[in-house]
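Some notes on the structure that comes next.
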Amino acid sequence: MFRYLMIYLLKTINSNRSPAAIYHILTGKKSSQTIQDLHLFQLHTYYRLLPNLSRQAFDYDVDQMVNEGLMEWLNAKDYRLTDKAWDYLSTYKDTCDEAHNFERPIDHQSKEIFTKRFYLTIQTFTQRVMDDTGFIPLIDDITIQAFVKQYYHLHKHALRDWLEQCYEQLYDVLKTYPDIRRHIYLDRLSTANHNGQSLQQLVDRYHVTEADILLTLALIERTLFIRSQQHQTLLSDLLPADNQPKIYERLMTRSARKTHQLVIKGYKIEDLIQLRQLKRGTIEDHLVEICMLDDHFKLDDYVEEEKIAIIESYLSKRHTQKLAELKRTLPEEMTYLDLRLVFAHYQKRLHQ
Numbered sequence: 008m009f010r011y012l013m014i015y016l017l018k019t020i021n022s023n024r025s026p027a028a029i030y031h032i033l034t035g036k037k038s039s040q041t042i043q044d045l046h047l048f049q050l051h052t053y054y055r056l057l058p059n060l061s062r063q064a065f066d067y068d069v070d071q072m073v074n075e076g077l078m079e080w081l082n083a084k085d086y087r088l089t090d091k092a093w094d095y096l097s098t099y100k101d102t103c104d105e106a107h108n109f110e111r112p113i114d115h116q117s118k119e120i121f122t123k124r125f126y127l128t129i130q131t132f133t134q135r136v137m138d139d140t141g142f143i144p145l146i147d148d149i150t151i152q153a154f155v156k157q158y159y160h161l162h163k164h165a166l167r168d169w170l171e172q173c174y175e176q177l178y179d180v181l182k183t184y185p186d187i188r189r190h191i192y193l194d195r196l197s198t199a200n201h202n203g204q205s206l207q208q209l210v211d212r213y214h215v216t217e218a219d220i221l222l223t224l225a226l227i228e229r230t231l232f233i234r235s236q237q238h239q240t241l242l243s244d245l246l247p248a249d250n251q252p253k254i255y256e257r258l259m260t261r262s263a264r265k266t267h268q269l270v271i272k273g274y275k276i277e278d279l280i281q282l283r284q285l286k287r288g289t290i291e292d293h294l295v296e297i298c299m300l301d302d303h304f305k306l307d308d309y310v311e312e313e314k315i316a317i318i319e320s321y322l323s324k325r326h327t328q329k330l331a332e333l334k335r336t337l338p339e340e341m342t343y344l345d346l347r348l349v350f351a352h353y354q355k356r357l358h359q
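Heads up: the sequence shown begins at 8 in our numbering, then just goes up one per residue.
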């Protein structure tokens with residue numbers, strides 16, 4: 008299934024970025040370039056989908072795609088998908104389409120908290136039903152442990168009832184997945200009678216790649232999270248309180264958020280450089296990031312309206328996302344920052 012997702016994403020970025028850009032999106036890298044790629048290629052729903060995917064596992068899958076004739080390297084960075092890859096997408100669309108059939112982005116931080124709470128609650132409740140109090144928690148995050156401890160005290164007199172209801176809700180989700188994915192997920196769970204298997208154990212048992220295991224777990228975890236949000240169920244209790252910053256601020260790098268607070272107050276680029284005591288290039292990266300993420304960003308505070316009109320005219324006539332190529336065609340008075348900001352704003356508006 009990961010192979011299908013890779014081909015789909017490589018098709019989407021269409022050789023405008025190297026495959027490494029996909030790795031940064033899937034693992035949730037917080038960089039200006041990755042944030043821009045999310046907007047440029049409309050890949051928000053894939054951001055941090057696989058935060059634990061190792062670069063080694065990712066590169067292995069890329070190498071396998073080359074070996075199997077699904078893609079070819081044109082040089083050190085550029086690639087092309089072969090006809091065999093396009094056939095692969097058509098052949099496996101019905102069985103693998105859920106790998107990219109996401110309706111909307113999710114709050115990844117909340118999803119990860121929910122998932123950890125779920126795993127530890129299952130382990131704790133099943134162990135307590137068996138009167139085992141000496142087990143080692145599989146989640147070592149003390150905030151997760153504190154939540155589950157408090158949650159246990161609320162339900163300690165009706166643990167079997169809770170587990171039965173949980174089983175029904177989990178079954179409703181798992182029955183929508185093929186057998187192999189259901190079994191992978193269940194083998195990952197730790198209960199009183201079963202130690203959750205490691206990634207390597209799952210790879211060895213099911214003869215699939217580490218990336219396939221991680222994607223299977225991520226899809227099921229995501230479905231559980233979304234259903235618990237959309238419908239008030241037993242598992243909705245495990246959702247974190249909504250006390251996080253706005254979604255666009257969570258996507259920003261920490262340094263860009265500080266610059267953003269000054270941008271909101273109306274400071275121009277020279278002021279930002281002085282106040283933040285950062286290099287011009289860093290502040291420019293922040294401005295592009297903010298332009299991409301904040302719908303209230305005032306583009307004409309940083310680029311003259313005449314320049315905006317000229318650059319947008321160029322963008323509407325050229326079908327490339329490579330800024331270096333665009334810069335060579337623009338009048339010399341257009342700075343690279345002018346192009347980056349207008350390009351970011353143009354792409355965002357194009358996809359709204």
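Yeah, the Cβ is synthetic: ideal placement off N, Cα and C, and Gly gets one too.
Segment limits, alpha helix (DSSP H) that includes residue i
i, result
"residue 333", "330 to 336"
"residue 259", "Unbroken run through residue 259: none, as it is neither H nor E."
"residue 316", "312 to 324"
"residue 211", "206 to 213"
"residue 31", "27 to 34"
"residue 156", "149 to 162"
"residue 248", "Element bounds for residue 248: n/a, residue is neither H nor E."
"residue 341", "Premise fails: residue 341 is in no alpha helix (DSSP H) and is neither H nor E."
"residue 8", "Element bounds for residue 8: n/a, residue is neither H nor E."
"residue 176", "166 to 181"
Close-in-space but distant-in-sequence residues of the same chain around residue i (CB under 6 Å, 5 per side omitted)
i, result
"residue 347", "295"
"residue 198", "133"
"residue 16", "29"
"residue 99", "11"
"residue 188", "223"
Contact under 8 Å by Cβ, residue i with residue j
i, j, result
"residue 266", "residue 279", "yes"
"residue 224", "residue 217", "no"
"residue 77", "residue 92", "yes"
"residue 300", "residue 42", "yes"
"residue 291", "residue 333", "no"
"residue 35", "residue 55", "yes"
"residue 8", "residue 219", "yes"
"residue 302", "residue 275", "no"
"residue 88", "residue 14", "yes"
"residue 176", "residue 242", "yes"
"residue 38", "residue 46", "no"
heavy atom of the ligand ATP below 7 Å from residue i C-beta
i, result
"residue 306", "With respect to the ligand ATP, the structure shown offers nothing to examine, as it has no ligands at all."
Cutoff 8 Å; reference residue i; Cβ partners in own chain excluding five residues on either side
i, result
"residue 118", "228, 229, 232"
"residue 349", "306, 310, 314, 315, 318, 319, 322"
"residue 212", "194, 204"
"residue 251", "Residue placement at residue 251 cannot be trusted, given a pLDDT of 40 that sits under 50; what the coordinates show is reported in the next sentence. Contacts found: 114, 116, 117, 257."
"residue 337", "317, 318, 321, 346"
Same chain, Cβ closer than 7 Å to residue i, neighbours up to 5 away in sequence not counted
i, result
"residue 33", "53, 56, 57, 60"
Give, in chain order, every unbroken run of the beta strand (DSSP E) that is at least 3 residues long and sits entirely within the stretch 53 to 140. 78 to 80, 86 to 88
With a threshold of 8 Å, are at least 3 pairs of Cβ atoms found where one atom belongs to the stretch 159 to 177 and the other to the stretch 128 to 145? yes
Please confirm if the stretch 143 to 151 is in contact with the stretch 119 to 130, defined as three or more CB-CB distances below 8 Å between the two stretches. yes
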